[in-house]
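Working notes, structure below.
Number of protein chains: 2
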Amino acid sequence: MDNYLALFTLAGSILALLFALTRAKNVLSFGEGNDTMKKISGNIRKGAMAYLTRQYRILIVFFAAMFVILSVMAGFGLLTWFVPFAFVTGGFFSGLSGFIGMSIATRANARTANACQEGLNRGLRVAFSAGSVMGFTVVGLGLLDISIWYLLLRMVFHLELPDITAAMLTFGMGASSMALFARVGGGIYTKAADVGADLVGKVEAGIPEDDPRNPAVIADNVGDNVGDVAGMGADLYESYVSSIISSCSLGVIAFTAIGSGKLAISAVAVPMVMAAIGVLASIICSFFVRTGESTDQSTLLKALRRGTNSSAIMIAIAAFPLVYFIFGMNYIGFYFAIISGLLAGVLIGFFTEYFTSDTYRPTRKLASQSETGSATIIIGGVSLGMLSTVAPIIIIAICVMAAYGVSGGFGDANLGLYGISLAAVGMLSTLGITLATDAYGPIADNAGGIAEMAGLDPEVRRRTDALDSLGNTTAATGKGFAIGSAALTALALIASYVQKIQQIDMKIKLDMTIMNPVVLIGIFIGACLPFIFAALTMDSVGKAAQSIVKEVRRQFKEIPGLMEGKADADYTRCVDLCTKASLREMILPTILAIVTPIVVGLILGHNGVIGMLAGATATGFLLAIFMANAGGAWDNAKKYIESGVHGGKGSDAHKAAVVGDTVGDPFKDTSGPSINILIKLLSMVSIVFAGLVVNFHIF
Amino acid sequence: MDNYLALFTLAGSILALLFALTRAKNVLSFGEGNDTMKKISGNIRKGAMAYLTRQYRILIVFFAAMFVILSVMAGFGLLTWFVPFAFVTGGFFSGLSGFIGMSIATRANARTANACQEGLNRGLRVAFSAGSVMGFTVVGLGLLDISIWYLLLRMVFHLELPDITAAMLTFGMGASSMALFARVGGGIYTKAADVGADLVGKVEAGIPEDDPRNPAVIADNVGDNVGDVAGMGADLYESYVSSIISSCSLGVIAFTAIGSGKLAISAVAVPMVMAAIGVLASIICSFFVRTGESTDQSTLLKALRRGTNSSAIMIAIAAFPLVYFIFGMNYIGFYFAIISGLLAGVLIGFFTEYFTSDTYRPTRKLASQSETGSATIIIGGVSLGMLSTVAPIIIIAICVMAAYGVSGGFGDANLGLYGISLAAVGMLSTLGITLATDAYGPIADNAGGIAEMAGLDPEVRRRTDALDSLGNTTAATGKGFAIGSAALTALALIASYVQKIQQIDMKIKLDMTIMNPVVLIGIFIGACLPFIFAALTMDSVGKAAQSIVKEVRRQFKEIPGLMEGKADADYTRCVDLCTKASLREMILPTILAIVTPIVVGLILGHNGVIGMLAGATATGFLLAIFMANAGGAWDNAKKYIESGVHGGKGSDAHKAAVVGDTVGDPFKDTSGPSINILIKLLSMVSIVFAGLVVNFHIF
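First to last, the sequence lines map onto chains A and B. When we follow this note's numbering, the leftmost residue of the first sequence carries the number -9, and every step to the right adds one. When we follow this note's numbering, the leftmost residue of the second sequence carries the number -9, and every step to the right adds one.
Structure follows, in structure tokens:
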């Protein structure tokens, strides 16, 4: 039976990839506009590809080194021989997701701008189609990787189910490493270019955003693609795959423990088939996304929400018969676990929007704090961001308790942990379409830049702005899902780690009580990791931005006629600087994330590692929400002031709000999202190196 | 034997109080200067006293209500009858510490300014003497409370040792509540006045700091007293007392468990006698603090360091025979536990200084980030603050492991936990003198204000500035001790909570493993609490500051001749506004800190509470360090720029640094220090309400 289920998942994967292909063709069928637009878009594409090529060149070294290390460990019997290969495929597919998403995004930007010349709906269709390519490529490749490995291990190597899921769990580490590199590198790139361009262009020289005279303008647009598209693609590929494989693994262990091989297969089937059904629902509902010619935010938002909400409802309905047929009525609680995750995602998304959208009180109050200067709006934003952690914490707490309880966790803890992992799968089941609505934002942003640089009719810019601004709102919701699912998946991975330890040696006595000083210290060290990580990435943005600032200042001074528009800026120098700086800066934080759990394990042992993972998950979750929401609120407070309140554009209040926005940039687009990956990568590394840690540790 | 030890502690307490009295007399023997100075000082004193009077009026209602609640619980047998009374005395002495410290500080400010007219050394002596009054009052009253209760319960009520320490543990809750009210209220007051005065006075009207034309100038100086003196006094009283009583309690439990009543007495004796020895060492070494006429920072710092370092060395030497005579060679490990705490305190203090003093790289780099505007210095400061958590986390981790290990924790966990609590006692044993060096800062600050307002010779201001600036450095070290000891004490209190639960009912099976979802959720919720707390207190500062801004603007507009110096500002209105706003705003955060552990306990049960305490301690520690160091670094980066680098005073870089400093104000003086108290209060409340939670909870 299980092979058919895997084939079903494979079919879902192929369906998703085919749909992505049709969407890509659809995007390419639109015209790119005039020669200037083609040239600008070409420059952006060239810069983005140059970045990715160099990034991959570095990562090949990293992956090769890790392959050797893992092979040596496999040679010593600390790992199975599948792990090094699984590690590489995880990284490969994660990178490929980002690459494909970016390829189409850099081809869709000029096309979106061009389509906006004809009308808003046409623009939305191009951008949303391109976003869909990304969304469905991510889920398609994710399911492809999972189902191929499953079939390979099952049909070719004839492994037992627990060995299969244990091996598959490790390719998450490849995906997570890749994702972290992509997120951190891309995040540093995009914000360094953005902050650098703004500080000299907007603030010092007083020229508008996306002005072609600004030497950093192409780098800024490249940044949208390498950070917000390629980085996000790799990131969500990792989230998606991690949630499914950790769920499979926990399910198999839960039912193997109670001696039911048949139910163990069911436990693998549910998350896989859920994902395939999610693909189907997302495809259907993506056709509901269309709009008229009104640029009214609420109409546009309604169009997108129609797509995401209906797919959520469709999945909620379809999941019931799925669980019923696979597990029977005895385990129908798993259905409610899935629903609790789906619901928690929606609720966290709502609260993210509440705290960051200018239609609600918090962001409006923040905007008013700009009237007494930049200091008060900074204090206000930090306070808002910290306060916004309350609702998500409570939602996740209730979701975890509910998923654990309805799955029978109070009778058998293993079932409860499986339930928690199913909640994560439920939350991410609509990823195909939510990611599409998320990924289209940077495309619209790029389109606006091209419209500005190519000197198109201001009406076009107004349309792209409407699309872009909408993208900020959907991005906020998307972030809510990403953070929520990261927390649930991280919890599931901690459980997987615990079970991995017991798998290695049943005789190991785990002492995970908080009063064990090793656990306590682990919690402290783990809690500190997201702080270090955020500090390092912010510092990197600062460093990289400084180098851009200097270069832009130099060009303004040294290139005669640049400010008068008579000479061209040297865009490639800025693109080059950003590339070098971000690639250099991405290495330390990522290596740190990989090395720390190993070092902590070798010193404090597996109990210390468990404490570390719990501490990192808790503060990582909080810090990610704090940074994302503070950044989002500052951004929208600035936009709100630009709409004419508190003196509008150019007023002192506006200047104060720009400071807030600039501070928020690395918060929300570099450090915050990277932390989501960090907390999962820590668990993944711990799982892969568990054999080493169990055999060699000090305490 | 133990009664004699308690009497020895009582003697130490009386010695400390007598020494404080001689210091107070010494301060009062100096002249207050001319009539203007007397008048200004009188106004500050009046404002400060008005604030305290109203604060105490509110707190009497709170303490009365809590007394009734605790009495009702005692009536139902959920508590012993000593608890309500112990609660009230804890609060009373904590408040008294702040009151006495502030009374002398407000009498020493003009005297310091006046003494500075004659010379720097004379000024230092007045200010340091006044600081010593505070330092020795805190330790004296702390030891008085402890020894009186001990003697009362032992000699009058003839209680058994375990019952005595259990009852004494609960008066920590009174001290913690009082401390939190005082820290939060005072912290909001001082920063609202400071930020409000700066935003309108310095930034808008362009008049210098402490200019008598600024209507908020008196409020600003009152703030130094109610926040940095009274608040800090109540705070450190709580730290000191909590560390000693939690140590006594853990020691008694450890040795009662192995059936040795005699060693249990020794376990109580060590922390108490350690404290008394600390008093002696601090008194002796406070005479080493004297300087010549050079205003050179390093000379002044050396004078203060001579006092604190020699007292640390003296205690380190004296502790060895103490432990040897009381416990014998078998338990000499406890000596090393004490030393590990003492050393950890010194190291954390050093790293605090490293990250916040402009003699080191981090703050200098931060200052340079002001060159690209306020956004980059804010990002830089956040990054610096977050990164500065690494060293303290590692130091505390090593200290905990060391104290646990050398005390024999790996054989008997109870001994290890006692060892951790002894480390906290060791860290705070030099409190008498470290607090003196800490408390003299705001006095020097006030003296500078009076010198400015009274129009004294600029040389006087230069001298008070030298004293003040030194105060910032010692305050940084003091903060390191406060945070480090808070973390250790909080850990000891978690252990006390666990033992309290088992004391209530030996049959209760504790499931504190991290994989228990209740514990996990507890960790998440606990981790969130410091974020909420920081958000609320920052928001309060913002709100209160806004009301000051409006009032100052109004006075500038409506009082004719104010700006020309022909009319007097209405200082009392501002003082009044600050008082009202800060008292109103202090209530919610504090009540939240008291109610949350009870609610969490009633829902998640005692296992959830343990998780919550661990989570809160970990993130609380991190957030407190982050906020204190970011704030300190911004402050000193601004001062560094004012010394002439990056364009000096008035340059764009300086303006950017002022924004950083203003953001840092509530970070370092309101939210950060309050979090230290929060994490202990959460444990204290949990301990007191343990009986309720054990009997009634949902999960």
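Every residue, glycine too, gets a C-beta built ideally from N, C-alpha and C.
According to DSSP, threonine 503 of chain B shares a beta bridge with A:Thr503.
Among the residues facing chain B, serine 572 of chain A is not included, as its CB has no counterpart in that chain under 8 Å away. Burial check for alanine 426 of chain B: the Cβ neighbour count within 10 Å reaches 16 or more, so the residue is buried.
The beta carbon of leucine 149 of chain A sits closer than 6 Å to those of Leu143, all from its chain and outside the five residues before and after it, given in chain order. Within 7 Å of the CB of glycine 605 of chain B, the CB atoms of chain A belong to Ala608, in sequence order along the chain. For the stretch 521 to 554 of chain B, the residues whose beta carbon sits under 8 Å from a beta carbon of chain A are, in order, Phe521, Ile522, Ala524, Ala525, Leu526, Met528, Asp529, Val531, Gly532, Ala535, Gln536, Val539. The distance from the Cβ of alanine 100 of chain B to that of glutamate 199 of chain B is about 18 Å, inconsistent with a contact at the 8 Å cut-off.
Under the rule that a run must span 4 or more residues, the alpha helix (DSSP H) segments found entirely inside the stretch 185 to 262 of chain A read 207 to 213, 222 to 247. Taken through DSSP and simplified to helix, strand or coil, threonine 70 of chain B comes out as coil.
As for any beta strand (DSSP E) of minimum length 3 sitting wholly inside the stretch 357 to 396 of chain A, there is none.
At a cut-off of 8 Å between C-beta atoms, leucine 377 of chain A counts as an interface residue with respect to chain B.
Contact between leucine 333 of chain B and isoleucine 667 of chain B fails: their C-beta atoms lie close to 24 Å from each other, not under 8 Å.
Just so you know, the alpha carbons of alanine 54 of chain B and isoleucine 581 of chain B end up roughly 14 Å apart. Counted as a single uninterrupted DSSP element, the alpha helix (DSSP H) harbouring valine 683 of chain A occupies residues 680 to 685.
Your pair threonine 660 of chain B and valine 531 of chain B checks out as a contact, with CB atoms roughly 5 Å apart and the cut at 8 Å. Contact between the stretch 399 to 419 of chain B and the stretch 241 to 254 of chain B is present, with at least three C-beta pairs closer than 8 Å. Within its own chain, the residues whose Cβ lies closer than 8 Å to the Cβ of isoleucine 338 of chain B, once the five positions on either side in sequence are excluded, are Ala381, Pro382, Ile385, Ile386, Gly470, Phe471, Ile473, Gly474, listed in chain order. Contact between threonine 562 of chain A and arginine 44 of chain A is absent: CB atoms are separated by about 14 Å, not below the 8 Å threshold.
The beta carbon of valine 675 of chain A is closer than 7 Å to those of Met163, Ile584, Pro587, Ile588 in its chain, skipping five residues each way along the sequence. Spanning the alpha carbons of valine 193 of chain B and isoleucine 410 of chain B requires a straight line of approximately 48 Å. Sixteen is the threshold: since fewer than 16 other Cβ atoms of the shown chains lie within 10 Å of the Cβ of arginine 280 of chain B, the residue is exposed. Burial state of alanine 557 of chain B is exposed, judged by a 10 Å Cβ sphere holding fewer than 16 other Cβ atoms. Assignment of glutamate 575 of chain B by DSSP, reduced to helix, strand and coil, places it in the helix class. The closest CA to that of methionine 168 of chain A, considering only A:Gly516, A:Ala308, A:Ser229, is found on A:Ser229. The Cβ of valine 380 of chain B sits closer than 8 Å to at least one Cβ of chain A. For a cut-off of 8 Å, the C-beta gap from alanine 103 of chain B to alanine 465 of chain B is around 20 Å, too long to register as a contact. Cβ neighbours of leucine 131 of chain A within its own chain (closer than 7 Å, five residues either side excluded): Phe83, Leu86, Ser87, Tyr227. Residue-level contact by beta carbon holds for threonine 362 of chain B and chain A, with a gap shorter than 8 Å. Taking 9 Å as the cut-off between beta carbons, the residues of the stretch 327 to 359 of chain B near chain A are Gln359, in sequence order. In this structure, lysine 181 of chain A sits away from alanine 476 of chain A, with a CB-CB distance that is not shorter than 8 Å.
In terms of beta-carbon proximity, leucine 668 of chain B stays away from the interface with chain A, with every pair separated by 8 Å or more.
For leucine 682 of chain B, the closest of B:Ile577, B:Cys564, B:Asp495, B:Met27 by C-alpha to C-alpha distance is B:Asp495. Among the residues facing chain B, cysteine 275 of chain A is not included, as its CB has no counterpart in that chain under 8 Å away. With a threshold of 8 Å between beta carbons, threonine 503 of chain B makes contact with chain A. Within chain A, the residues placing a beta-carbon under 7 Å from that of glycine 399 of chain B are Pro507, ordered along the chain.
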